[in-house]
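Residue numbers (our numbering): 127 to 411.
In this text, a Cβ means the ideal position worked out from N, Cα and C, and glycines have one as well.
Please read all numbers here as calculations on a predicted model, not as lab measurements.
Reading through the structure tokens given below for one structure.
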């Protein structure tokens, strides 16, 4: 085990020390420290366990309804429980398909990946996915082949740099930008007249194909919406390039529509603040 992994384990389990500290602060009547401890408890133990379902209507000129999720990051901070809850909520929605925009894992090497993702076999509609940078060793362990095999065995269709037809809509998956696996030249096969939805992990991928290619909609994740949204500061750490923040929601850039989901899991610190885990239900019309 590397020193970085030791640090992550220490952060995850050591954070429980906040409870005896809070008791001590209460005894001392240190109001500021009490309030800071309560904020920490919320961000560490409460918000990451929430799971909301948001609904959006997006004009594309064709009809479809998808559940979009991303950045589950199962492994050191999140186990199979969040995946099971996610599937239960998705199955309660009337969608055509589930689209997963990558980053399935975060240090999963100590866990059985088939156990972590077994709930995906219970989804009652087709599931299509691309991988993210954490799934392709950018950063993280080299688990790409193992992960793809596990997901395929659970009925997930991996569409990295592939296209599928879904009820008159072309769904094109593009690989991870950070892994240099996003083959944007595949867009040369399509015109503005095609009903084209692109699924990719990193929204910065769109910067490489605009304005020459304009899918009807691009779906992505990656940014976690900042994950810990301390006002102003979170904007400085979102992992994107250029002037577009890509934190969450729908972006309309001239003829291009890009939807970014803020995801489900965490990396770095096992915390979320003001950006709880989310499933986005997208109704296209």
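The Cβ neighbour count for residue 346, taken over all protein chains shown within 10 Å, is at least 16; the residue is labelled buried.
If you ignore the 5 residues before and after residue 165, its C-beta comes within less than 6 Å of no other C-beta in its own chain. A straight-line Cα-Cα distance of about 26 Å links residue 334 and residue 407. Taken atom to atom, the span from the alpha-carbon of residue 321 to that of residue 129 is near 48 Å.
Taking a C-beta distance under 8 Å as the contact criterion, residue 196 and residue 245 do not qualify as a contact pair. An exposed status is given to residue 367, since fewer than 16 other beta-carbon atoms sit within 10 Å of its beta-carbon. For residue 140, the uninterrupted alpha helix (DSSP H) segment begins and ends at 129-140. Annotation: the continuous beta strand (DSSP E) that includes residue 385 extends over 382-386. Around the Cβ of residue 140, a 10 Å sphere holds fewer than 16 other Cβ atoms; the residue is exposed. Taking the Cα positions, residue 283 is about 43 Å away from residue 163. Residue ranges of uninterrupted alpha helix (DSSP H) with 4 or more members, entirely inside the stretch 298-342 and ordered along the chain, are 331-335. Residue 351 sits buried, since 16 or more C-beta atoms from the chains shown fall within 10 Å of its C-beta.
Of all alpha-carbon atoms in 307, 184, 189, 143, the one lying nearest the alpha-carbon of residue 263 is that of 307.
The DSSP-derived three-state label of residue 286 is coil. Taking residue 225 as reference, the option from 402, 298, 364, 360 with the minimal CA-CA separation is 298. Burial check for residue 199: the Cβ neighbour count within 10 Å reaches 16 or more, so the residue is buried. In the DSSP secondary-structure assignment, residue 182 is bridged to 408. Shown here, residue 249 sits in coil according to DSSP, grouped into three states, outside any helix or strand. Distances from the CA of residue 265 to each of 296, 305, 301 were compared; the closest alpha carbon is that of 305. DSSP, reduced to helix, strand and coil, places residue 149 within a helical segment of the structure shown. Counted as a single uninterrupted DSSP element, the stretch harbouring residue 221 is not any beta strand (DSSP E), since DSSP gives it neither H nor E.
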